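Written out below as structure tokens is the structure these notes cover.
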Amino acid sequence: MERRFGPVLFVPGRNSGRYPYCNSLYVEGELRVVIDPASDRKRLQSLLESPGVDVAWLSHWHEDHMMHLDLFDDKELWISRADAQAIGDLNSFCAAYGMTESEKEYWAPMMVDQFHFRNRTPNRLIEPEQHVDLGGVTVEVISTPGHTPGHCSLFFREQGVLFLGDYDLTPFGPWYGDVGSSIDQTMESVNRLRSIPARVWIAAHEEGVFDTDPGERWDNYLKVIDTRDEKLLEFLAEPRTMIDIENEGLVYGKNREPREFFVFGERRLMGKHLERLVKRGLVTSDGVTYRRV
Ligand SMILES: [Zn+2]
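The opening position of the sequence shown corresponds to residue 0 in numbering that gives the first Met the number 0, with each subsequent residue numbered one higher.
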């Protein structure tokens, strides 16, 4: 259901804003801005016709936030400086995910066919903590790295609306699987968002709008990180290779289809947990296998 908070319109994504869709925002200042245009192509098309769109603004570079960016090819594009390179061309995009050649073979055609990927050069590079005046509406950029290096959450202070972006408070938990992602920064960013004096919280996926403080959801979201650590440590009671770990499906479940998609996610997320557990001295590796200490 669409919801309006003064000049800020919440546009729900198809399939409850689940991947490959997300929830969008449409902000009507003197500049009319669509944020994360991957909700519903028809609705975005109708907003483009009336009242119109001047700017497409991406909270970060992921494909499920820009699937319909191609509708706005001739409009301004804004994204954070730190995330800009990844949308420049498909090679940079795949590199930002740290894709291998075979992963690229799976993802690159899908990016073009399903996500309408086009090489884009942003017109404006958003800086951390910048206040952006849209004419009658001010947006405060809350820099929330971790998910991606340049992930931006947006605070409409006057309306009390906080757009969390991909810190979406879903039961699945956070994603921090890219080359530039970080578990520690993810935790810091979620805690920072929690401290913002908002009255309405909007997430880019699923439920979307929280009219009261999400409360326990903040904790539960971060607890998923510990749960992933615990599951991995348990599995590493015996020496395991990366392939063993991928196939175990500790994050997504075993034997999910399409296999390439889920194994990719499993590999990326578990890789970050391994890195962290090795650093803490809880896991050792001989270069081939990993084992709990
Ligand atoms: Zn994302």
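Even glycine gets a Cβ: it sits at the ideal position worked out from N, Cα and C. Computed from a predicted structure; not experimentally measured.
Between which residues of its own chain and residue i is the CB-CB distance below 7 Å, once the five residues before and five after are set aside?
i	result
C93	K103, W106, A107
D210	V199
M98	W106
R216	L168
T240	V287, T288
R2	F9, V208
V52	R31, V33, L46, F71, K74
G159	A197, R198, V199
I182	Y175, I224, K271, R275
A83	P121, L124
Does the distance from the C-beta atom of residue i to that of residue j stay below 8 Å?
i	j	result
D300	N118	Here the chain comprises residues numbered 0 to 292, so residue 300 is not present and cannot be evaluated.
V136	F9	no
L268	G176	yes
H61	R40	no
S15	P36	no
R80	L124	yes
L221	V189	yes
S180	H146	yes
D165	S58	yes
I need the straight-line Cα distance from residue i to residue j, nearest angstrom please.
i	j	result
G76	T185	Reading off the sequence shown, one finds Leu at residue 76, where the question assumed Gly. When rounded, the distance between both Cα atoms is 25 Å.
L249	P6	42 Å
F263	V138	35 Å
K271	L163	22 Å
R156	F4	12 Å
D243	L273	13 Å
E187	S91	27 Å
R266	E29	44 Å
R275	V223	15 Å
P196	Y96	33 Å
P127	S101	35 Å
K278	V111	38 Å
I78	R193	23 Å
E27	F261	38 Å
Using a Cβ-Cβ cut-off of 8 Å, state whether residue i counts as contacting chain D.
i	result
I34	Note that chain D does not occur in the displayed structure, where there is just one protein chain.
In chain order, what residues of the same chain have a beta carbon less than 6 Å from the beta carbon of residue i, not counting five sequence neighbours either side?
i	result
F114	E62, M66
E259	Y105
G12	Y20, C21, N22, S38
I86	W60, R119
D218	none
Excluding sequence positions up to five away, which residues of its chain have a Cβ less than 8 Å from the Cβ of residue i?
i	result
R191	I141, T143
V237	This sequence places Glu at residue 237; Val is not what is there. R290.
H130	T137, V138, E139, V140
I201	F9, N22, L24, V160, L161, F162, L163, G207, V208, F209
Y18	D63, H204
V292	G280, L281, V282, T283
Legend entry - Inter-stretch contact (C-beta, 8 Å, three-pair minimum) for the segment 33-52 and the segment 71-88: yes
Legend entry - the segment 230-247 / the segment 134-153 touching (three or more Cβ pairs under 8 Å): no
Inset, instruction - Anything with a beta carbon under 5 Å from a heavy atom of ligand 1 counts; list them all in chain order. - result: H61, D165
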